[in-house]
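S.K.: With the first letter of the sequence shown counted as 1, position 324 gets the number 1656 in our numbering; the numbers rise by one all the way through.
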Amino acid sequence: MSSASIPVEITQFFGNYQPIIVAITLGLLFFSLFKEIIRPSLSFVCAVLTFMITGIINEREVTAGLSNGPIISVLFLIIITFGLKKNFNVEKTFNRAFDRGQSYHSFLFRMMSKVALLSSIINNTPVVALLTPYVYDWGRRNNISPSKLLIPLSYATIMGGMLTIIGTSTTMVMNGLMVEQGAPEINSYYLLIIGLMVLFTGLTFLTIFAGKLLPDHQDALEQFNENKREYLIETALKPNSKIIGKTVSEASLRNLKGVYLVEIIRKDRIISPVGPEEKIKSHDRLIFAGETSKVTELLEKEIGLTLPSYSQNFTDHISVLEAVVGNNSGLINSTPKEVSFRERYDAAVIAIHRHGQKLSGKIGNIPLQAGDLLLLYAGPNFYSKLDFYRDIHPLSKIREINRLGKPKSIGIAIVSAFFFAMAALGFVKLHIALLFIFTTMGFMKMISIEDMKNALDIDLAAILICSIAIGTAITNSGLGEIVAQATISALQPYGNISILLGLMLITTFLTSIVSNVGAVSIVFPIAYALSAKLGTDGMPLYMGIAFAASAAFLTPIGYQTNLIVYGPGGYRFKDFFKIGLPTTLIYLATAVLGILLLYGDSFLG
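#1: Determine contact between the segment 1594–1607 and the segment 1664–1679, defined as no fewer than three beta-carbon pairs at a distance below 8 angstroms.
#2: Taking the DSSP output, what are the residues bridged to K1480?
#3: Going along the chain, which residues of its own chain have a beta-carbon closer than 6 angstroms to the beta-carbon of F1537, five neighbours each way excluded?
#4: Is the beta carbon of K1740 closer than 8 angstroms to that of M1778?
#5: Tell me whether the beta-carbon of L1545 lies closer than 8 angstroms to the beta-carbon of K1910.
#6: Only counting runs of 4 or more residues, tell me where the alpha helix (DSSP H) segments fall wholly within the segment 1831–1917, in order along the chain.
#7: Looking at the unbroken beta strand (DSSP E) that takes in A1542, where does it start and where does it end?
#8: How is G1812 classed by DSSP in three states: helix, strand or coil?
#9: Just tell me which of G1743, L1705, G1492 and F1362 has its CA closest to the CA of P1726.
#10: CB I1454 to CB L1416, shorter than 8 angstroms?
#11: Please report the distance separating the alpha-carbon of Y1826 from that of G1834.
#12: Cβ of F1620 within 8 angstroms of Cβ of V1591?
#13: Can F1319 and N1894 be called in contact, C-beta distance under 8 angstroms?
#14: So, using beta-carbon positions, are M1444 and P1484 closer together than 8 angstroms?
#15: Taking only runs that begin and end inside the segment 1643–1712, name each unbroken alpha helix (DSSP H) of 4 or more residues, in chain order.
#16: If you reduce the DSSP assignment to three classes, tell me which class A1765 lands in.
#17: Could you round the C-beta distance between I1831 and L1862 to whole angstroms and report it? I think they count as a contact, below 8 angstroms.
#18: Taking DSSP as the reference, what is the three-state secondary structure of V1505?
#19: Inspect the CB distances between the segment 1779–1799 and the segment 1367–1385 and report whether three or more fall short of 8 angstroms.
#20: Report yes if the C-beta distance between A1793 and L1361 is below 8 angstroms; otherwise report no.
#21: At what residues does the beta strand (DSSP E) containing E1566 begin and finish?
#22: Just verifying my parser: in three-state terms, what is the DSSP assignment at L1788?
#23: Would you kindly report the start and end of the unbroken alpha helix (DSSP H) that includes I1385?
#24: Excluding the five sequence neighbours on either side, which residues of its own chain have a C-beta within less than 6 angstroms of the C-beta of A1542, listed in chain order?
#25: Pull up the DSSP beta-bridge partners for L1637, would you.
#26: Cutting at 7 angstroms between CB atoms, please list the residues of its own chain near L1288, excluding the five before and the five after it.
#27: When burial is assigned at 16 or more other CB atoms within 10 Å of the CB, is E1393 buried or exposed?
#28: Mind checking which residues open and close the beta strand (DSSP E) that includes E1517?
#29: From E1517 to L1700, what does the alpha carbon distance come to, in whole angstroms?
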């Protein structure tokens, strides 16, 4: 063990106790992550500081993650994914998947297949956050509970992420740990083969059995029928509006289909009910009530109506969507104006629906309540800001407005395809290829410094960097070798395959209650020591750990995508276990089969 800059006395004092110190620290880390005592990133940092203070790792080993190619790649991918989501209408890929007239099983398979392919090149979390409203809306329109659909959406992204090294942080971190130990990197071709096998069996199982195993929850959100939902929307008049000076009747605002004029706000005066002979003046605010689709159609009529100024000034990418105020939301009893909703979410509330109640006044001055449905004009940063403020939950997307020109779209597509191909063929390292793509997006003004701040999760970055240091500490202390020897003694009589299964089951357990990165960080050093003790190729063990660390199907807390669908699907903890257990068993069995088919000769022989 290298211990530069650590006093010799400290190293000698703790030397004989290093395996015990690491074991206790990992136990405390595990407990802290499970109980959520402090922020996960802080738990990882505390563990690394403990290892550094006790001389188990040195400063260079602490900061090794900063120069680790796969870790850098993860951070670049997060920023690039954010830029792609901001500038491209990713949802167009799913237009056919969300068509009406499909059976439940047909929709489920097509949706999961497309989601899995997308998640193989884009970070899983934004894919699920982006598509949850679409899946939810399809279920509602086809009288199918979203609880029958949203867990398969999450599971499909998890499986799809294992098709490529860049598909999930699990394989990226594993690659980083392998590079740090001098082991060869993951074979992309073999990963794809096993990933396709796992994906096929997993999607087949979910398509056939998800409808039977998933609950049919009818939560409060599903009680609102879109066609009967009445929103209150505030509009302003354009300076050149054709209806200024006309009466309500002359302006043809009396018998609108599916929407009606509720009141007029004129300075501090509210005119309600609005008579047919009431004249419309230039600075009036017209308040309408109506169905969701009719409210958006109203703004498209060429009569000179527009949204208030606080709802305008969006740039390239605009979504019109519905969201609900959560039961424990910090927005309750506050108005959109008071909480600076526009700045907070990069979205403007253009309409509000409150079941069974009549609303009145300017939208920005209406105190929000739990269960309120909001019609939003959402900008490109809306979903990233939801990661910080979880007071509302998006439901269904109504319209998409994307102003990115074709030259930019074609340009970044060509550059991305070229450098991904170069990385896949081994001509450049992945993080170098991603650097070129990132730089190109910067030159094309597709991503800004502000976007980088919004996209980059500092907590995740800290965890990724610390995971490398923790893996080094397990190796340096000798704990990995001790556990490896114990594992060999217990399982070797049953063959190497029993060791592979044992490691995969341990990893699956850890990833279900801690995190995939945490599981990989703890188990990889043990696998590395095991391969050395056994004198066999370590790649089957590493591949098994990678797939097991992504088997986050048993609990909602095991992976971020599960947490995203947890609330909108109205799920209970046991719902994940009921479908997650057979999914996990099929997933792991298929992964083991694939590993043995590809590595059997070197591993079993």
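C-beta: ideal position from N, C-alpha, C; glycine also.
A quick note: this is a predicted structure, and the numbers were derived from the prediction, not measured.
M.R.: With the structure as the only source:
#1: no
#2: The partner list for K1480 (beta bridge, DSSP) is empty, contrary to what the question assumes.
#3: I1918
#4: yes
#5: yes
#6: 1848–1866, 1871–1881 and 1892–1898
#7: Premise fails: A1542 lies in the alpha helix (DSSP H), S1520 to L1545, not in any beta strand (DSSP E).
#8: helix
#9: L1705
#10: yes
#11: 11 angstroms
#12: yes
#13: Residue 1319 lies beyond the residue range present for the chain, which begins at 1333 and ends at 1937; the question has no answer from this structure.
#14: yes
#15: 1673–1677
#16: helix
#17: 6 angstroms
#18: helix
#19: yes
#20: no
#21: Y1563 to L1569
#22: coil
#23: P1372 to I1385
#24: P1484
#25: L1569
#26: Limits of the chain in this structure are 1333 at one end and 1937 at the other, which puts residue 1288 out of reach.
#27: buried
#28: Counting along the chain, E1517 falls outside any beta strand (DSSP E), and DSSP gives it neither H nor E.
#29: 52 angstroms
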